[in-house]
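The block underneath contains the structure these notes are about, expressed in structure tokens.
Numbering (our numbering), first residue to last: 4 to 413.
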């Protein structure tokens, strides 16, 4: 068995443990094996974005940068399929310059802006640095065994279409570009500086020397808090899922509507099942992550113009965002929410009781009823424990607030 087969086995074989652990048993070994297999791969450039951009400029191909947390079980299924030469993605991937990045230490934060809570993401570029689009899948994040790549394949095809239209379509891509940030790289951020270097410690312990992508979001939030500033809502509810506005998109398509939540923002805009999003806020849509990016950059309220394809016909409408729309986001499953819990809940993990559970406890359906699923034990996360909270407690009033709320809304 060769190194590549060993790597694929490590990526996929540990997936049965996902319910019990968030990482592979041997994190250090997994990272070193990934390096051994991928360093001399003929398709993938390993951990060298600068070389990737140089080759994209030289060849005229678009650049594809995969950002992967190797020790994480989440997204292991899709990651294994993307690097497996036996899959049908090969002919499409060969039309890109492909780069695999396994550490966030030296990321250019002005260029790499995506959903930092995902364990597998892809950002697509022109060789001149223009962002074409993004891919990230919460379907694969939640189910590490999911090896389906149909949605990824369709995104690759859509990005190639964008590339063929460049630079004539450059104006429509302006909204996809990352804005200015106060830090050039993660290792310059206050909570990370001095703890990490730009390069991984391959001569020592690799894993502790690695900045994880989710730490970027944590550090951004901490930077506001340490200065005594209000954390912007876009950093509390980052990269909102389309469901936030009532859109359920099919994971095996670029951005096709699977269903619309009745009474939602999308329903009010007239969006229908089987519609395909072609443009949102003037930006071409190549993936579900592209929709989340638009929502991440969206204003606190206002209209987002939308172009749909409905049975071959172009339909123009808009999403009318009311004040507070971001608070519909379900952030409970985000790893970055743990840091927020240390700030806002004293380390308590809270779950809004279902109507059935409420009835069992003699509670109404309109009142606050947040069950304590877990009580943090250390540091800021131990405040709830010190206050006397216990697992399975039910919070029915908070600072005079007794209306029904989810943890994220609270």
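The beta-carbon is built from N, C-alpha and C at its ideal position, and this holds for glycine as well.
Spatial neighbours of residue 74 in its chain, beta-carbon cut-off 8 Å, leaving aside the 5 residues before and after | 26, 27, 30, 33, 34 and 210
With respect to the beta strand (DSSP E) encompassing residue 317, which residues constitute its N-terminal and C-terminal limits?
-> 316-324
With a cut-off of 8 Å, do at least 3 Cβ pairs link the segment 128-142 to the segment 167-183?
-> yes
Should residue 410 go down as buried or exposed, given a rule of 16 or more other Cβ atoms within 10 Å for buried?
-> buried
CB of residue 192 to nearest heavy atom of the ligand NAP: below 7 Å?
-> No copy of the ligand NAP appears in this structure; indeed no ligand is present at all.
Identify the residues that DSSP records as bridge partners of residue 28: which are they?
-> Answer is none; residue 28 lacks a bridge partner.
Return the CA-CA distance between residue 195 and residue 117, expressed in angstroms with no decimal places.
-> 19 Å
Helix, strand or coil: how does DSSP classify residue 341 here?
-> helix
Give me the Cα-Cα distance between residue 345 and residue 225, rounded to the nearest whole angstrom.
-> 11 Å
Please go through the same chain and pick out, in chain order, the residues whose beta-carbon is closer than 7 Å to the beta-carbon of residue 157, but skip the five residues on each side of it.
-> 256 and 257
Can the beta-carbon of residue 62 be found less than 8 Å from the beta-carbon of residue 102?
-> no
Where do the N-terminal and C-terminal ends of the alpha helix (DSSP H) with residue 62 fall, by residue?
-> 52-62
Three or more C-beta pairs below 8 Å linking the segment 284-303 and the segment 188-206 = no
Count the CB pairs spanning the segment 383-398 and the segment 319-338 that are closer than 8 Å, and state whether there are at least three.
-> no
Three-state secondary structure assigned by DSSP to residue 101 | strand
Taking one C-beta from the segment 225-239 and one from the segment 112-129 each time, how about it: are there three or more such pairs within less than 8 Å?
-> no
If we ignore side chains and look at the alpha-carbon of each, how far apart do residue 213 and residue 222 end up?
-> 14 Å
Among 295, 390, 276 and 47, nearest to residue 283 - alpha-carbon criterion | 295
Do three or more CB pairs link the segment 256-273 to the segment 321-328 at distances below 8 Å?
-> yes
Identity of the residues DSSP links to residue 125 by a beta bridge = 69 and 138
For residue 406, is the classification buried or exposed, using 16 other Cβ atoms within 10 angstroms of its Cβ as the cut-off for buried?
-> exposed
For residue 259 versus residue 277, is the C-beta distance shorter than 8 Å?
-> yes
What's the C-alpha gap between residue 338 and residue 380?
-> 17 Å
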